[in-house]
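Have a look at the structure below before the remarks.
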Amino acid sequence: MSTLVYYVAATLDGYIATQQHKLDWLDNFTLGDDATSYDDFYETIGAVVMGSQTYNWIMSNAPDDWPYQDVPAFVMSSQNLSAPPHLDITFVEGDAGDIATKARHAAKGKNVWLVGGGKTAACFANAGELQQLFITTIPVFLGSGVPVLPVDHAIEVVLRKQRTLQSGAIECVLDVKMD
Ligand SMILES: NC(=O)c1ccc[n+]([C@@H]2O[C@H](COP(=O)([O-])OP(=O)(O)OC[C@H]3O[C@@H](n4cnc5c(N)ncnc54)[C@H](OP(=O)(O)O)[C@@H]3O)[C@@H](O)[C@H]2O)c1
971 MSTLVYYVAA TLDGYIATQQ HKLDWLDNFT LGDDATSYDD FYETIGAVVM GSQTYNWIMS
1031 NAPDDWPYQD VPAFVMSSQN LSAPPHLDIT FVEGDAGDIA TKARHAAKGK NVWLVGGGKT
1091 AACFANAGEL QQLFITTIPV FLGSGVPVLP VDHAIEVVLR KQRTLQSGAI ECVLDVKMD
């Protein structure tokens, strides 16, 4: 079955953006050639899911450069948002289980990338709909920011792979323990 994977970059203190939604700590960091290939990861993806804050961030910072051109995207929001008509973007709200089912169906056997942010990934984790995390930890502390996974109860994970890159970043693949 298709897996929901939260593939994300975080700081050592567990943030995915500053409080002002800045990503300079990530953009200014060079991961290096030994990092796992983004293209190889993206090959496994058949649909993406994100929250409205992440969607708005992309639309404000790179409006002409939608990164998920070839796969359907689901944006979670309770607001009346709109998308450019040429993009395959569906706005959804409500139950994470129903949204996961829709996204899996759209992914046609491939995996679903939970792009983020933390609130959206946590919503799936809380509902038992998150199966895997691929976290690239960047060697920086921010002190405050947007949390990577603000769940409402403990979510146990099993470390499947861990690799320290020459740049000092750490890649971890974690499976969520299912009850
Ligand atoms: N470092 C990285 O790799 C990375 C990756 C992704 C994102 N980010 C950053 O993370 C930040 C955003 O993360 P975030 O955690 O603050 O927000 P988010 O998860 O992107 O968006 C949260 C919003 O999504 C909507 N939503 C979530 N669950 C919903 C549900 N079940 N039904 C209806 N609407 C729902 C709500 O907004 P409404 O008010 O619209 O209902 C909620 O406030 C941005 O700065 C982004 O750039 C970083």
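In my numbering, the protein residues as written are 971 to 1149. C-beta: ideal position from N, C-alpha, C; glycine also. Because the structure is a prediction, the values reported are computed rather than measured.
What's the C-alpha gap between residue i and residue j?
i, j, result
"N1026", "V1110", "25 Å"
"E1099", "L1084", "11 Å"
"M1029", "I986", "18 Å"
"T973", "L1135", "26 Å"
"W1036", "D1122", "31 Å"
"K992", "K1147", "32 Å"
"Y1012", "G1113", "31 Å"
"S1022", "Q990", "16 Å"
Just to confirm my understanding: we take residue i, look at its own chain, exclude 5 residues before and 5 after, and list those with CB closer than 7 Å. What are they?
i, result
"T1014", "K1080 and N1081"
"P1120", "G1088, K1089 and A1092"
With a threshold of 16 other CB atoms inside 10 Å of the CB of residue i, please say whether the residue is buried or exposed.
i, result
"V1045", "buried"
"G1002", "exposed"
"S1048", "exposed"
"Y1008", "exposed"
At which residues does the alpha helix (DSSP H) containing residue i begin and terminate?
i, result
"A1073", "A1066 to A1077"
"N1031", "S1022 to N1031"
"A950", "This structure gives no information on residue 950, because the portion of the chain shown stretches from 971 to 1149."
Rounded C-beta distance between residue i and residue j? I'm assuming under 8 Å.
i, j, result
"V1128", "D1145", "5 Å"
"A1095", "I1125", "5 Å"
"V1019", "A1073", "5 Å"
"G1016", "A1076", "7 Å"
"T1071", "P1042", "At roughly 14 Å, the Cβ-Cβ gap does not stay under 8 Å, so T1071 and P1042 are not in contact."
Check whether the Cβ of residue i lies closer than 7 Å to any heavy atom of ligand 2, and answer yes or no.
i, result
"T1071", "This structure lacks ligand 2; its bound ligands are ligand 1."
Closer than 8 Å by C-beta to residue i: which residues in its own chain qualify, once you throw out the five before and the five after it? Chain order, please.
i, result
"I1108", "A979, A980, T981, L982, W995, L996, F999 and A1139"
Which first and last residues belong to the beta strand (DSSP E) in which residue i is found?
i, result
"Y1038", "Note, Y1038: premise wrong, no beta strand (DSSP E); not H, not E."
"L1129", "V1127 to T1134"
Among residues of its own chain, excluding the 5 on either side of residue i, which ones have a beta-carbon nearer than 6 Å to its beta-carbon?
i, result
"Y1038", "V1018"
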